[in-house]
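Residue numbers (this note's numbering), protein chains in the order written: chain A, 500 to 987; chain B, 197 to 520; chain C, 1210 to 1524. See structure below.
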Amino acid sequence: MSVPRSNIVRLDGVEKHFGAVRALDGVDFQVDTGECIGLVGHNGAGKSTLMNTLAGTLAPSRGRIAIRGTVEENYSVIRAQRLGIRCVFQELSLCPNLSVAENTRVNHASLKGFGWRRRSAALISAKLDEIFPGHGIDPSDVVSDLSIGKRQMVEVARAFTVTEAPLDLVILDEPTSSLDAHTAGQLLAFVRRFVETGKSCILISHLLGEILDNADRIVVMRDGKVVAIDNASSFDRTRLVTTMGGGNHAEKPATRAETIAKQAGPQRVRARSGRQTDSTELVAHEGEIIGLAGLAGHGQTELLLSIFDARAAGRNVEVTAPVALVAGDRQTDGIFAQWSIGKNIGIRSLTRLRNGLLISPRKENEMAEAWKKKIGIRTPDMNNNILSLSGGNQQKALFARALGSDARIILMDDPMRGVDIGTKLEVYDLIRDEAKAGRTFLWYTTETDELEHCDRVYVFRSGVIVASLNRGEVTEEKVIQSSFSEAS
Amino acid sequence: MTDAVVEPSSSRAANSAARARMLRAMLPALSFALVVIAIAWLNPRAISYFGFSLMLNLAIPIALATIAQMFVIASNELDLSIGTFVGFVGCVTATWLRDAPLVGALILLGSIGVYALLGALIHLRNLPSIVVTLGMSFVWQGLAILTLPTPGGKAPDWLSAIVGFKPPFIPFPILAAIVIALIVHFGLMRTSYGAILRGSGGNPVALGRAGWSILRVKMTLFALAGLFGVLSGMTLVGITTAGDANIGNGYTLLAIAGVILGGGEFVGGRVSPIGAVLGALTLALAASPLLTFMKIPPDWQVAANGVILIVVLAARVLISRRER
Amino acid sequence: MTQIRAVFSTPWIWSFVGAFVVWLATITFTGGVGGGGMLTAALSLAVFMVIVGVGQMFVITLGPGNVDLSLPANIGLASAVAMTVMNGQDSRIALGILAALASGAAVGAANYMLIWALRIPPIIATLSASFIIHSIDIAFGRGLQIKPPPGFADFTNVQFLGIPVMAMLTVLFTIGAGIALNRMIYGRSVLAIGQNLRAAWLAGVNVGWIRFFTYTLCGMLGGLNGALLAGYFRGANVDIGNEYLLSSIAVVVIGGTSVAGGKANIPGIWGASLFLVLLLTMLNTFGVSAGVRLLLTGLIIVGVITAAGGEKSLR
């Protein structure tokens, strides 16, 4: 913050709401020319939403975006590109059936006419050579033939190619997630050179080392807010971790479980990931609540699914009782959108709801009403469509589906995403009661607070278990420490 | 397709994947070669200028209809009306185009426009293409019967002259197939807008993000399908010399089979014009000459198409599995 | 109460309204002559569409991409099988119907085997299968001159108070299908898979088995239809099922079943079938040519799907 430089992008009080959820809650920040900003934060801190807002794919609910001092009224992807702002999204935006050169052409309308293939190939080759010397990618390679790492290299290199539109700011979202250490180093070195020519870059990464070594300034986000902006030199690993985790915890659940020395019941689940190289495995006994922690997408869901489908998983998984799953991604994994709340709850227990061969509407209603009371679903009528409920109440219906079934093992795939605190507290109590009654819970969560309810926590990184913490050992710092690897 | 062979890629992984893809891309040529070899073995005299001209007599309209279907499949849709459309075009060609060339040409151009509008309708209203085109198949058949209630009419003389052309050395159907395959290959696989057209099947979201109009892409692909449907109907009437409202009915299924035999896939924008033409030729040869030589009764010739299709699909599944 | 309100807010009611309007238009044209006979004839013909329509409905309800294109070939083969087994003897009617059902079930099971083993889209799987079935039918049914047993032929035509008995039985059958759809685990599972296959799997639905059973069921109904058609039209025929490729899909879509899957409607199939049959009757009464008839049928189907559309595609 020494010499005032001209800024490229400036956000003033930007907010983004998804229903009741505030993904961005008043963000002010700016990117100056010739700097690399590191953006860090835990899952759901608002990094992706912020990035999508900058790239023009999401319109802010409130607040202003100004590009080079001019306030943009109708900001869009096209507008952003014309103004020289590009974004490399985490999910790949290449066409898998096209070659590398053809994919480059997709982003450059001016690559046409005679010799466009040659020019396009030359453009992307030059950029790949510049960023990743010795990359081994041929412009004629079809993208679906490339490894995931090479696809990422192509995607990154493509974002830096220039034809007609200017290029001033590139946003990189976890650009090294599929790269090995060598190519990641090449990319980061290139980013430094890019920034030194007066261009700018926003770097999002969960590898704190990358951020500390390469960013000029670091922006830390938490709960949709920017909680710290400072020169990178004033941060170290510890300070970053504490800023991200936050000192002021939310209210601890009042009934913080008494540390009962639990009698270990019979073993219910034993599972290990195929990628695990050592002998670590996940073990759960009757009545236990087991936490699966770590950053989102590091193999927790995969392991839950292999436990769910134990028969197909083979020798790596052993399950000794019926299993039910509570989905976290309600829309794609849980809800049947055309059905009533009652039908959504009953689907897992149809065999018990029959009278002879037919499903009994009476039994179905009884089950629905019983769970409406037990779990507190707020609706005038359980025959209403499931989508008439708020997100939290939809999630309660999914809990009711699993807890109302004959399953003795309940898998939970980060089920509290976007759920309000009141609902959470009610569900926590229910889970503890059910566990006391002998049910086993495997609970993947991205919210560290929830791990306090667990008897044991396994921390995941890159598809494998890297730490196993017992109750009492679980602190936010420890989990974050294990989730973020030291070196890149 | 050819680039992967010529230019060595230094990466191993990409190489083996590319090899599997090559193998898959070779399947159409392989199955075609197998059928030709089988015919040569059963009846060597068939392998001659005259033999091929005769055996592949109807291959050109089938190949053109297959190309039409391929454009639709490239955009992740399916056209179940192409067969009756070919029949309709045949009827118009045998009547209007001969008696009043200008009106005939306008009708055919208009029908291409209808195809483009169908593409827009399917995209804008997010409709299932197979129901829409199934309905359209009735429309085209109805129009065909209205144009030509009983089989008859006559192909324009210039059209008969074109399809009756006898080039030296290479039989006309083979020459025409090569020309069609190369032209479409150039248009779809080598031009800059061709890449966008194919990209719409691969990742429409990415295309939209880069600022391309998916509506325009879809209309273009459907219009191209209409254009090649028109060409198919015209050549068909040129060969048979008369129109018949039901003449093209079998082409719907043949065209889909041809695209799939030619290495195309229903989703993902993976299509190959050269493969599609080869697939159509394979079906044309396998459909009757081969089976006749093998003394397979004509009853089973349709089944042979089904079996060939299933065998090729099974082979492809095996190759894809090895890719993993 | 809520159920009555639901009845009038459902889209399938319009297929009955459409059928009624078409019927009114026709008897207005004839000056009120033959209105009853027309309904009787329409009911007889609608039966065939309803039977295959129900099978196709279960398949389409499985979700995007699911459709059975092998019905025409299946129906043709089953008609030949039924006539051969019955061999013109009244005593073998039941046996013949069983054989037709078995033939259809085999076709359906083979369809699903192709879908499952080759992991190919149902459209191309049922299409390839239909090529083969068609050939088997041609080879097997060529020159088959066996007439249906007199008892069977009479059965397909017998009426009670002007209502074809077959139509009454089909009403009973559709009620059964409705119960299976709404009140049995099978139907619930189909609806769940159609809404969201992954969520259904995660909710413990046996996805593979349900899909297998659905394709087999659809095949069986095609087989039954083949036998009944052969009885009604006095003999088997390779092309006897041809019109049911389009009409089976059309009655499902017009009847209010979602092509995106997960939402099915049985009464709508009756309405749509009557609508299509009466539409043809009307066009015939008006004396329009075959061409206009086809043209209008096609346009109405495209029009209906456009009006009802806005959902994700069948593929």
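In this text, a Cβ means the ideal position worked out from N, Cα and C, and glycines have one as well. The structure displayed is predicted, hence computed values, not measured ones.
So if DSSP puts residue i in a beta bridge, which residue, or which two residues, is it bridged to?
{"i": "residue 1373 (chain C)", "result": "C:1368"}
{"i": "residue 561 (chain A)", "result": "A:514"}
{"i": "residue 700 (chain A)", "result": "A:535, A:669"}
On the DSSP letters alone, give me the boundaries of the alpha helix (DSSP H) that residue i sits inside.
{"i": "residue 552 (chain A)", "result": "546 to 554"}
{"i": "residue 712 (chain A)", "result": "707 to 713"}
{"i": "residue 810 (chain A)", "result": "809 to 812"}
{"i": "residue 953 (chain A)", "result": "It is not in any alpha helix (DSSP H) - residue 953 (chain A) carries neither H nor E in the DSSP assignment."}
{"i": "residue 1411 (chain C)", "result": "1406 to 1411"}
{"i": "residue 287 (chain B)", "result": "278 to 290"}
{"i": "residue 606 (chain A)", "result": "599 to 606"}
Going by alpha carbons, who is nearest to residue i out of the options?
{"i": "residue 281 (chain B)", "options": "B:273, B:334, B:317", "result": "B:334"}
{"i": "residue 840 (chain A)", "options": "A:847, A:867, A:815, A:934", "result": "A:867"}
{"i": "residue 1240 (chain C)", "options": "C:1438, C:1495, C:1512", "result": "C:1495"}
{"i": "residue 350 (chain B)", "options": "B:513, B:455, B:440, B:401", "result": "B:440"}
{"i": "residue 445 (chain B)", "options": "B:438, B:374, B:340, B:241", "result": "B:340"}
{"i": "residue 1459 (chain C)", "options": "C:1284, C:1265, C:1252", "result": "C:1265"}
{"i": "residue 523 (chain B)", "options": "B:246, B:374, B:358", "result": "For chain B, the structure presents residues 197 to 520; residue 523 (chain B) sits outside this window and is missing."}
{"i": "residue 652 (chain A)", "options": "A:666, A:635, A:619", "result": "A:635"}
{"i": "residue 385 (chain B)", "options": "B:255, B:295, B:467", "result": "B:467"}
{"i": "residue 459 (chain B)", "options": "B:233, B:499, B:223", "result": "B:223"}
Report the three-state DSSP secondary structure of residue i (helix, strand or coil).
{"i": "residue 346 (chain B)", "result": "coil"}
{"i": "residue 774 (chain A)", "result": "coil"}
{"i": "residue 757 (chain A)", "result": "Any answer about residue 757 (chain A) is weak, because its pLDDT of 45 lies below 50 and its placement is not dependable; what the coordinates show is given next. Here residue 757 (chain A) sits in coil by DSSP."}
{"i": "residue 819 (chain A)", "result": "coil"}
{"i": "residue 902 (chain A)", "result": "helix"}
{"i": "residue 272 (chain B)", "result": "coil"}
{"i": "residue 842 (chain A)", "result": "helix"}
{"i": "residue 1391 (chain C)", "result": "helix"}
{"i": "residue 672 (chain A)", "result": "strand"}
{"i": "residue 752 (chain A)", "result": "Here the model assigns residue 752 (chain A) a pLDDT of 45, short of 50, so the residue's position is not dependable and the matter cannot be decided."}
{"i": "residue 569 (chain A)", "result": "strand"}
{"i": "residue 768 (chain A)", "result": "strand"}
{"i": "residue 323 (chain B)", "result": "coil"}
{"i": "residue 520 (chain B)", "result": "In this predicted model, residue 520 (chain B) has a pLDDT of only 44, less than 50, meaning its place in the structure is not dependable; the value taken from the coordinates is given anyway. Reduced to three states, the DSSP call for residue 520 (chain B) is coil."}
{"i": "residue 640 (chain A)", "result": "coil"}
{"i": "residue 784 (chain A)", "result": "strand"}
Whose Cβ in chain B lies nearer than 7 Å to the Cβ of residue i?
{"i": "residue 1330 (chain C)", "result": "462"}
{"i": "residue 604 (chain A)", "result": "388, 391"}
Which first and last residues belong to the beta strand (DSSP E) in which residue i is found?
{"i": "residue 537 (chain A)", "result": "535 to 540"}
{"i": "residue 658 (chain A)", "result": "Where residue 658 (chain A) is concerned, there is no enclosing beta strand (DSSP E), although the alpha helix (DSSP H) it sits in stretches over 647 to 658."}
{"i": "residue 943 (chain A)", "result": "939 to 943"}
{"i": "residue 586 (chain A)", "result": "584 to 587"}
{"i": "residue 910 (chain A)", "result": "908 to 912"}
{"i": "residue 1320 (chain C)", "result": "Unbroken run through residue 1320 (chain C) is the alpha helix (DSSP H), 1302 to 1326; no beta strand (DSSP E)."}
{"i": "residue 718 (chain A)", "result": "716 to 721"}
{"i": "residue 973 (chain A)", "result": "Premise fails: residue 973 (chain A) is in no beta strand (DSSP E) and is neither H nor E."}
{"i": "residue 727 (chain A)", "result": "724 to 730"}
By the criterion of Cβ-Cβ separation under 7 Å, what are the contact partners of residue i in chain C?
{"i": "residue 837 (chain A)", "result": "1404, 1471, 1472"}
{"i": "residue 337 (chain B)", "result": "1503"}
{"i": "residue 501 (chain B)", "result": "1340"}
{"i": "residue 332 (chain B)", "result": "1507, 1511"}
Could you work out which residues of chain A lie near residue i, taking near to mean beta carbons separated by less than 8 Å?
{"i": "residue 1413 (chain C)", "result": "823, 846, 847, 904"}
{"i": "residue 397 (chain B)", "result": "596"}
For residue i, go through chain B and note every residue whose CB falls closer than 8 Å to its CB, in chain order.
{"i": "residue 1050 (chain A)", "result": "This structure does not reach residue 1050 (chain A), given that chain A is present from 500 up to 987, and the question cannot be answered."}
Could you name the residues of chain C that residue i contacts, counting a contact when the two beta carbons are closer than 8 Å?
{"i": "residue 826 (chain A)", "result": "1408, 1411"}
List, in chain order, every chain A residue whose beta-carbon is nearer than 9 Å to that of residue i.
{"i": "residue 468 (chain B)", "result": "Residues of chain A passing the Cβ test: none, with the nearest at roughly 11 Å."}
{"i": "residue 458 (chain B)", "result": "Residues of chain A passing the Cβ test: none, with the nearest at roughly 15 Å."}
By the criterion of Cβ-Cβ separation under 7 Å, what are the contact partners of residue i in chain A?
{"i": "residue 1420 (chain C)", "result": "Result: empty, since nearest Cβ-Cβ is about 17 Å, beyond 7 Å."}
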